[in-house]
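These notes are about the structure you will find just below.
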Amino acid sequence: MHKSKVMDNIRSLRGRKSHYSLHDSSKIYLPEELSVKKMYDMFEDKNQLSYESYRSIFVNHFNIGFGDPKIDTCTICDEFLTKAESLTVNRKNASELESGDIEK
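Per the working numbering: the sequence shown ends with 301, consecutive numbering throughout.
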């Protein structure tokens, strides 16, 4: 009885699949703000079940991660982000030099 409730609870959460990770295409990613503990706390408010039991079902019956997968970007996007971060740092340094915040 509890197992089916837990499984229904976990299935009810909307996640997203990785676009570029073909070898692990069944894995779902939930927002990084969530965790198994937070999911359990929401579930446990209405159901009596130990955290260990909830976590066991989560781990053994689902392929779920939290946050964005690191391999879920293409090389073009990776290069763009690297250049954008570098540009931001360069602009910040130039601004600090102009204002005298950095010693020459």
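Heads up, the beta-carbon is just placed ideally off N, CA and C, and yes, glycines get one too.
Query                                                                                        : Result
Burial state of leucine 227, where buried means 16 or more other Cβ atoms lie within 10 Å    : buried
Beta bridge counterpart(s) of isoleucine 254 as assigned by DSSP                             : Partner(s): none; isoleucine 254 has no beta bridge.
Selected residue, minimal CA-CA separation from isoleucine 207, among Glu229, Asn244, Ile261 : Ile261
Distance CB(phenylalanine 302)-CB(glutamate 295) smaller than 8 angstroms                    : As displayed, the chain neither begins before 198 nor continues past 301, which places residue 302 out of reach and without an answer.
Beta-carbon proximity of tyrosine 248 to valine 203, cut-off 8 angstroms                     : no
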